[in-house]
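Here's the structure, in structure tokens; my notes come after.
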Amino acid sequence: EPFVADEYIERLAWRTPGGGSRGGEAFDPKRLLEEFVNHIQELQVMDERIQRKVEKLEQQCQKEAKEFAKKVQELQKSNQVAFQHFQELDEHISYVATKVCHLGDQLEGVNTPRQRAVEAQKLMKYFNEFLDGELKSDVFTNSEKIKEAADIIQKLHLIAQELPFDSLMDFCAYPLSSPGKYHDLECQLIQEFTSAQRRGEISRMREVAAVLLHFKGYSHCVDVYIKQCQEGAFLRNDVFEDAAILCQRVNKQVGEVFCNPETVLAKLIQNIFEVKLQSYVKDQLEEHRKSDAEQYLKNLYDLYTRTTNLSSKLMEFNLGTDKQTFLSKLIKSIFISYLENYIEVEIGYLKSRSAMILQRYYDSKNHQKRSIGTGGIQDLKERIRQRTNLPLGPSIDTHGETFLSQEVVVNLLQETKQAFERCHRLSDPSDLPKNAFRIFSMLVEFLCTEHIDYALETGLAGIPSSDSKNANLYFLDVVHQANTIFHLFDKQFNDHLMPLISSSPKLSECLQKKKDIIEQMEVKLDMGIDTLNCMIGQMKHILAAEQKKTDFKPEDENNVLIQYTNACVKVCGYVRKQVEKIRNSMDGKNVDTVLMELGVRFHRLIYEHLQQYSYSCMGGMLAICDVAEYRKCAKDFKIALVLQLFDTLHALCNLLVVAPDNLKQVCSGEQLANLDKNILHSFVQLRVDYRSARLARHFS
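Okay, here's the thing in structure tokens:
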């Protein structure tokens, strides 16, 4: 532990008798001093002893350091001597190695010509056997040495290729000439490879393939391998799945057999595409190409999709540097004749199919589709009828039929959706936006023009005149269904067309076409405002039929039992149904716009209707009750202006019952203060007691 002087002195004093107050013992400074002096002397003696020991150790350390330094010097000298010996040995080894290399070069210079001579002698011997027509060497008679025989035949064949033509003709006179034997041995090797492949002997296949690599028939060996690989591989109905399994199996094996596995595998895939798949595709498509466009397009889409999926699986294999281009060319070679005119077939089928769907629907309704003008004089007649409420020519009776069908719409949209999917898959990327626009144009023609627009035109032509009795207003049903259908059309536009044209100039063209369709339909819906005239006409008929003059001037003023008139009840019931129908038929701001127009016309009708009667005191009270009920009905409109109009009308009706002395006060009230005095006067004139001098004087 570290030495601390204070603690050491404390312990020494504590151990000394009389050095402290321990056990009640008195403190003895002399004794403590004596103890300190003795202890100091002991420490001095100890210090001298330790100092002598240190000096002795220092001397010994210096002596050993000198001896160690001397030993290191001796080792350095020994190391220098050893290094010199190593250099001498290295020089000697280099000298010997140079001599050995020189000797080896000399031996090689002698041995190489000798080996060549031996090889040439052997080849001459084998060639001589061919000339004699009798093959005696074991290498030719022993089937197990076919590899050595192949090497010899290959060399003899190369020699025969270098001989002059005349000499070659002489040699060819022999039936077993070298070229003939070359072909025989090549066939023998291929047969051996075929047998080994059937037996599943991979090592033997690899050995024979390595020998055939230098023969001309190596490509034939690859063809045989590819042919045998496909034996029994296409037994199921799914040729694409069989092809994928086959390529997966061959991919594992081909690297163990051939030295260029990627080339062999690519050749196998090319053979599958150009033979198996092309034949299968042709059988599936040619059967329906002329007779059934729908099945032809479905098959084309399905086959092309499955082929591209197979191509994606094959991308996992090593097929060389540019496998993407390789596989794309194979797919194109199969489908090019079908894809060139795909869009024409698609448009033709879509046109005939859409026309058939519409015609089948109209036939089910026993309806002969008629031609209805949409411009010029027709527009003028519609607008004049809006302004004057006069019927211009007979309206068409649709018998409550809207001529809109969600089933038809779903069928048309489904056909178009499938067409968009096929277009996306089968169209060339450069032609995709153009083809998608053509399909969209077909949808616009048959869904928007031939179906929705026709229904709107028919609905407009079926709107009865405002003076018709018991008129059925089916145009709102047409609006409701057209609105629902257009939402479905807009959803398909966003979900299926937009992804195909979003990055092309066709986008603006499609958006403009869609905008034109919307504007055209909105114009026809605006023209359908005649429906409101019909509603007002129906209300007029109800009021004319149900409202009696005695309702507001009863014979017995003290015996009135009703809260409001029967005409009011029927009108309010009719209005509530029409308001609900409008809300169900339209959406967005259109609802508020139409309801405001109807509310204003409804108010004008009631206002003018009330002006036709004279009111007794009790009759005025009944009129106030009627207007209060009309006001409740106006609340269903949820339009502030309409409610304000009926509030004012209710306040005007108070003039029919107020006491003569209070007329001026009521007229100056909050709701009537801003009205024209003539309007107020006209209501006061409706009172039975108006001609009394007292009432006239108070109002003037």
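Quick note, my numbering runs 180 ahead of the 1-based positions in the sequence shown. Using N, Cα and C, we set each Cβ at its ideal position, and we do this for glycine too. Bear in mind the structure is a predicted one, so any value in this text is a computation, not a measurement.
Do the segment 790-802 and the segment 720-739 make contact, defined as three or more Cβ pairs closer than 8 Å?
Three or more beta-carbon pairs drawn from the segment 790-802 and the segment 720-739 are found closer than 8 Å, and the two stretches are therefore classed as touching.
In the structure shown, what three-state DSSP assignment does residue 867 receive?
Correct three-state label for residue 867: strand.
Using 8 Å as the threshold, is the C-beta distance between residue 829 and residue 786 below it?
Yes, these two residues count as a Cβ contact at 8 Å.
Assuming the contact rule is C-beta atoms closer than 8 Å, residue 701 and residue 662 should be a hit. Round their C-beta distance to whole Å, please.
Separation of the CB atoms of residue 701 and residue 662 is rounded to 7 Å, and the pair is thereby assigned contact status at 8 Å.
Spatially closest choice to residue 511 from 530, 522 and 486, by CA coordinates
Looking at the Cα atoms, 486 is the closest of the given residues.
Curious, which full-length beta strand (DSSP E) runs of at least 3 residues does the segment 526-553 contain?
Within the segment 526-553, no complete beta strand (DSSP E) run reaches 3 residues.
Stretch pair the segment 444-460 + the segment 396-414: three plus CB contacts closer than 8 Å:
Contact between the segment 444-460 and the segment 396-414 is present, because at least three Cβ pairs lie under 8 Å.
Alpha-carbon spacing of residue 695 relative to residue 613, whole angstroms:
Going by C-alpha positions, residue 695 is about 19 Å away from residue 613.
Rounded C-alpha distance that separates residue 774 from residue 762
Rounded to the nearest angstrom, the two C-alpha atoms are 8 Å apart.
Any chance the segment 519-535 sits against the segment 473-488, with 3 or more Cβ pairs inside 8 Å?
Touching, per the Cβ criterion.
Measure from the alpha carbon of residue 210 to the alpha carbon of each residue in 707, 274, 261 and 193, then state which is nearest.
Closest in C-alpha terms to residue 210, from the list 707, 274, 261 and 193, comes 193.
Rounded C-beta distance between residue 588 and residue 541? I'm assuming under 8 Å.
5 Å between Cβ atoms; contact.
Which word fits residue 704, buried or exposed, when buried means at least 16 other C-beta atoms lie within 10 angstroms of its C-beta?
By the 10 Å Cβ count, residue 704 comes out buried.
Sub-8 Å separation of residue 852 and residue 843 beta-carbons
Taking 8 Å as the Cβ cut-off, residue 852 and residue 843 do not qualify as a contacting pair.
Pick from 735, 769, 772 and 722 that is closest to residue 749, judged by C-alpha positions:
It is 722.
The alpha helix (DSSP H) with residue 173 in it runs from where to where?
Residue 173 cannot be examined here, being either before or after the span of the chain that is shown, 181 to 880.
Buried or exposed by the 16-neighbour rule on C-beta atoms within 10 Å, applied to residue 820
Here residue 820 is exposed: its Cβ has fewer than 16 other Cβ atoms, across all protein chains shown, within 10 Å.
Residue 189 lies in the alpha helix (DSSP H); which residues open and close that run?
Counting along the chain, the alpha helix (DSSP H) containing residue 189 begins and ends at 185-195.
Provide the residue(s) that pair with residue 795 in DSSP beta bridges, ordered along the chain.
Its beta-bridge partners are 867.
Taking buried to mean at least 16 other C-beta atoms within 10 Å of its own C-beta, is residue 784 buried or exposed?
By the neighbour-count definition (other C-beta atoms within 10 Å, threshold 16), residue 784 is an exposed residue.
Taking just the CA atoms, how far does residue 401 sit from residue 600?
CA-to-CA, the gap between residue 600 and residue 401 works out to about 47 Å.
Just verifying my parser: in three-state terms, what is the DSSP assignment at residue 520?
Correct three-state label for residue 520: coil.
Apply the 10 Å Cβ neighbour rule to residue 263 and answer buried if 16 or more other Cβ atoms are within range, or exposed otherwise.
The residue is exposed, with fewer than 16 neighbouring Cβ atoms inside 10 Å.
What is the rounded straight-line gap between the Cα of residue 372 and the Cα of residue 414?
Cα-Cα distance, rounded: 25 Å.
Helix, strand or coil: which one does DSSP assign to residue 376?
Here residue 376 sits in helix by DSSP.
Residue 223 (DSSP reduced to helix, strand or coil)
Helix at residue 223.
Measure the Cβ-Cβ separation of residue 427 and residue 457 and say whether it is below 8 Å.
At the C-beta level, residue 427 and residue 457 stay beyond 8 Å of one another.
Applying the 10 Å Cβ sphere with the 16-neighbour rule, what's the burial state of residue 847?
A buried status is given to residue 847, since no fewer than 16 other beta-carbon atoms sit within 10 Å of its beta-carbon.
Since residue 841 is in the alpha helix (DSSP H), which residue starts that stretch and which ends it?
Annotation: residue 841 is outside any alpha helix (DSSP H) and is labelled neither H nor E by DSSP.
Using only CA atoms, which one of 638, 586 and 603 lies nearest to residue 549?
When only C-alpha atoms are compared, the closest one is 638.
Could you pull out every unbroken alpha helix (DSSP H) segment of at least 4 residues lying fully inside the segment 577-618, listed in chain order?
You should have 586-606.
Output needed for residue 807: all residues of its chain with C-beta closer than 8 Å, excluding positions within five of it in sequence on either side, in chain order.
Take residue 807, set aside five residues on each side of it, and the residues of its chain with a beta-carbon closer than 8 Å to its own are 786, 790, 826, 829, 830 and 833, in chain order.
Straight-line Cα distance separating residue 698 from residue 585:
Cα to Cα, the separation comes out at about 19 Å.
Please state whether the Cβ-Cβ distance between residue 376 and residue 388 is less than 8 Å.
Yes, they are a contact pair.
Tell me, to the nearest whole angstrom, how far the beta carbon of residue 658 is from that of residue 627; I am working on the premise that it is less than 8 Å.
Not confirmed; about 15 Å, so no contact.
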